Amino acid sequence: MLETIKKEGIVAVLRAKSHEEARGYIEACLKGGVKALELTYSIPNVNELIAEYKDHEEAIIGVGSVLNGQMAKDSILAGAKYVVSPGYNEEVNTVCHEMGVTYFPGCMTVTEIMNALEKGNKMVKVFPGDVFGPKYVKAVKAPIPHVEIMPTGGVNIDNVEEWFKMGVSCVGVGSSLIKGSLEDIEKLAAEFVEKIAKIRNC
Numbered sequence: 560m561l562e563t564i565k566k567e568g569i570v571a572v573l574r575a576k577s578h579e580e581a582r583g584y585i586e587a588c589l590k591g592g593v594k595a596l597e598l599t600y601s602i603p604n605v606n607e608l609i610a611e612y613k614d615h616e617e618a619i620i621g622v623g624s625v626l627n628g629q630m631a632k633d634s635i636l637a638g639a640k641y642v643v644s645p646g647y648n649e650e651v652n653t654v655c656h657e658m659g660v661t662y663f664p665g666c667m668t669v670t671e672i673m674n675a676l677e678k679g680n681k682m683v684k685v686f687p688g689d690v691f692g693p694k695y696v697k698a699v700k701a702p703i704p705h706v707e708i709m710p711t712g713g714v715n716i717d718n719v720e721e722w723f724k725m726g727v728s729c730v731g732v733g734s735s736l737i738k739g740s741l742e743d744i745e746k747l748a749a750e751f752v753e754k755i756a757k758i759r760n761c
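Per our numbering, residue 560 is the first one in the sequence shown, and the count goes up by one each step.
See the structure below:
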């Protein structure tokens, strides 16, 4: 799953007040070419939605805002292909490794990143990304070149190129993608996909 997410280059972080609203976002992202979708626990009964989309031919469904082991287990059983948390959690790490599901723990400091790597994870979510900015990634990868980094928070269409130039493996995008009408989201999703493809082909 790690290689799949890296290949996609972008994960849409979806928050919604209802399944109907979330479905609209999911379909808009897919139409725009963003396939990796992190359905967060801020969506009511999120695991029902995960189960609904787990076998979708295009969607790569994961779960986000996971705070403990039980949340991780419930979502994995519902069909989540990867688990994302705002910070590293030992219970979540254990559940994911025991159930064979990729875990992307949120990290902010170098110490947290090193701990996540030592616990068997290869990619971390740098969150909140806008606190340090893209240059932080380059600084971290100097002494820890093998770490795969996915910044979330503060990534937008205007700075996504800088993030990749600094060495990220992919980006997590939430409010800077999910805004406006569904047509706007679809269009912006396509812009992200196109821009990331161009960056990688340079």
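Ideal placement from N, C-alpha and C gives every residue a C-beta, glycine not left out.
Small disclaimer: the values here were computed from a predicted structure and weren't measured.
For residue 699 versus residue 714, is the C-beta spacing smaller than 7 Å?
No, the Cβ-Cβ distance between residue 699 and residue 714 is not below 7 Å.
Can you tell me whether DSSP reads residue 684 as helix, strand or coil? Here residue 684 sits in strand by DSSP.
Worksheet item: What span of residues does the alpha helix (DSSP H) with residue 607 cover, start to end?
Response: Start and end: 605-612.
Three-state class that DSSP yields for residue 668 in the structure shown
Three-state DSSP puts residue 668 in coil, outside helix and strand.
Exercise. Does DSSP put residue 575 in a helix, a strand or coil?
Worked result: The answer is coil: DSSP assigns residue 575 none of H, G, I, E or B.
Whose CA, out of 680, 629, 716, lies closest to the CA of residue 747?
Nearest C-alpha to residue 747: 716.
Opening and closing residue of the beta strand (DSSP E) in which residue 596 lies
It spans 595-599 - the beta strand (DSSP E) in which residue 596 sits, taken as one unbroken run.
Can you tell me whether residue 563 is buried or exposed? The criterion is at least 16 other CB atoms within 10 Å of its CB, across all chains shown. Classification for residue 563: exposed.
_Could you tell me the alpha carbon to alpha carbon distance between residue 738 and residue 624, rounded to whole angstroms?_
When only Cα atoms are considered, residue 738 and residue 624 end up about 20 Å apart.
Report the start-end ranges of each beta strand (DSSP E) in the stretch 691-750 that is 3 residues or longer and not cut off at the edges.
Counting only runs of 3 or more, we get 707-710, 730-732.
Tell me residue 621's beta-bridge partners as DSSP assigns them. The secondary-structure analysis by DSSP pairs residue 621 across a beta bridge with 597.
*Check whether the stretch 607-614 touches the stretch 670-679, counting contact only when three or more Cβ pairs, one atom from each stretch, lie closer than 8 Å.*
Short answer: they don't touch.
- Query: Cβ of residue 619 within 7 Å of Cβ of residue 639?
  - Reply: No. Outside cutoff.
**Prompt:** CA-CA distance, residue 634 and residue 704?
**Reply:** C-alpha separation (whole angstroms): 31 Å.
Subject >> Selection from 645, 711, 743 that minimises the alpha carbon distance to residue 728 >> reply: For residue 728, the closest C-alpha among the options 645, 711, 743 is that of 711.
Discussion item. If you follow the beta strand (DSSP E) that residue 642 is in, where does it begin and where does it stop?
Written reply: That run of the beta strand (DSSP E) goes 641-644.
**Report entry** Minimum C-alpha distance to residue 631 - residue among 616, 750, 657, 591
**Finding:** Measuring C-alpha to C-alpha distances from residue 631 to each of 616, 750, 657, 591 identifies 657 as the nearest.
- prompt: According to DSSP, what are the bridge partners of residue 569?
  reply: Note: residue 569 sits in a beta bridge opposite 730.
Under three-state DSSP, which class holds residue 584?
-> Residue state, collapsed to three classes: helix.
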